[in-house]
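Residue numbers (the working numbering): 73 to 368.
The structure under discussion appears below in the form of C-alpha cells.
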Amino acid sequence: MTTVVDNEGHLHLPTARVTAGRLLFDAAEGADQALALGAFCLAVPEDLDVEPGLRFCRSFYEPAEPGTADRYRGHREDGHADSKLGYEDRPDQVEQLQLESHLWSRYLPEEVTALLERMKDLTLDALYGVFDVAGIPEHDRETVTGGARQDTGLCYTTVNHYRADLSDRAGIVEHSDSGFITLICTDQPGYEILHEGRWRPVREEPGHFVVNLGDAFRVLTRKLPRPVTAVYHRVPELRPDGAAHHRSSFTIYMGPRYDMMLHQYAADGTLHEYQGFRDFSVEKSKKLGYEFHSRI
Ligand SMILES: [Fe+2]
C-alpha cells in the first residue's frame, strides 16, 4: 500500500467518484486504504452547487427577522417540534442543527433541501460501493441498514457552525460517527484523523467531499477478512484571526434507526444481531461523557 502521510505530516485520503451510481476509486489500492482508514474523499459532481448549504451554515443561527419567512435564519430559537434531533449548543465550539431527511422540506430553504437530497443519493451510492468492497452480500444490506434504499433507515443532516471566538475548547471533540457513513462538506481545513496513534491533519482535496465510516460498519465487519475502521476524528480549536468567517460544515449521515439492532458477521460469514442501536448509542455517550439526545 502506498504511503498516506506526506513530508509535512498531512494525511492523504484515497479519492473516489460516483459514476452512473457506482463508487469508483481513482487508484487501485484506494478501496483497501479507505476501509483501513475509515475515510476517503469523494468527488463533488460537476453539476452540484454546494453554496446554498454553506450559506445556510453561515446563517441558520441568526435570529429570524420579524415578519419574514426566511428559512435561512431563526433555527437557534425554533424548537423543530417534529424532529427528535434539532438544535444543540455543544460544549465545544460547535452549535449545530440536526434534521432527519423527511423533515428537510418542512424546515429548510427549498434550494438547501434540493442540495441535501442530491447529497443523500450520492451518500447512498457511496454506502453501497463500500458494501461491495467490504464483501457485504446484497441480500443482507436492507437488513443491516433498516432499508437505506427504501428510505426507511435513519438519514439526517448535521449543520455545524464553529464559533472561533469561543476559546479554550476544541472545535469538535474527538469521536467516531455512530452509523455507517457520513458525507461532509466544509469550507476550511481543520479536520484531523487519528492514524496509527497520531493525530494527522487531512490534506484538502479540492472539489471533494470527505466521507467517514462509522461504528455500525466497524461492528458489522469486525470478524470479516476486510474489516472497516470507524475513523476517529476531530477539529482542534479554531482561532478567530485569519479566517474571513467562522468554520462551516454540513453533513449527510446514514445509519440504523434507534429502534433497530446492530448486526455483526461471525467469522464463518453468518449474520447475527449484536446489540440494540439505541443501547449502543447510550453506552457510547456515557463513555465519552456527553448527553444522548433527550427526545430519542
Ligand atoms: Fe463526526
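Yeah, the Cβ is synthetic: ideal placement off N, Cα and C, and Gly gets one too.
All values reported here derive from a predicted model rather than from experimental measurement.
Within the same chain, Cβ atoms closer than 7 angstroms to the Cβ of V116 are found at V122, G279, H280, F281, the five residues on either side in sequence being excluded. Cβ atoms of Q347 and R294 stay farther apart than 8 angstroms, at about 13 angstroms. The straight-line gap separating the alpha-carbon atoms of A108 and D237 is approximately 36 angstroms. Check the Cα spacing between A220 and each of A302, A206, D197: the tightest is with D197. The beta carbons of Q165 and T229 sit about 19 angstroms from each other, so the pair does not count as a contact at 8 angstroms. Between the beta-carbon of F128 and that of P181 there is about 7 angstroms, and that keeps the pair under the 8 angstroms contact cut. Judged by beta-carbon spacing, L85 lies beyond the 9 angstroms limit of G201, meaning their Cβ atoms are not closer than that value. Excluding the 5 residues flanking it on each side, Y325 has same chain C-beta neighbours closer than 6 angstroms at Y228, G251, T254, in chain order.
Within the region 77-162, the beta strand (DSSP E) runs of at least 3 residues that lie entirely inside it are, in chain order, 87-91, 94-97, 111-115, 158-161. In chain order, N284, G286 place their CB closer than 6 angstroms to the CB of D249, counting only its own chain and leaving out the 5 sequence neighbours on each side. Distance from the CA atom of K192 to the CA atom of S173, rounded to whole angstroms, is 9 angstroms.
Counting along the chain, no alpha helix (DSSP H) covers H267; the unbroken beta strand (DSSP E) around it starts and ends at 264-267.
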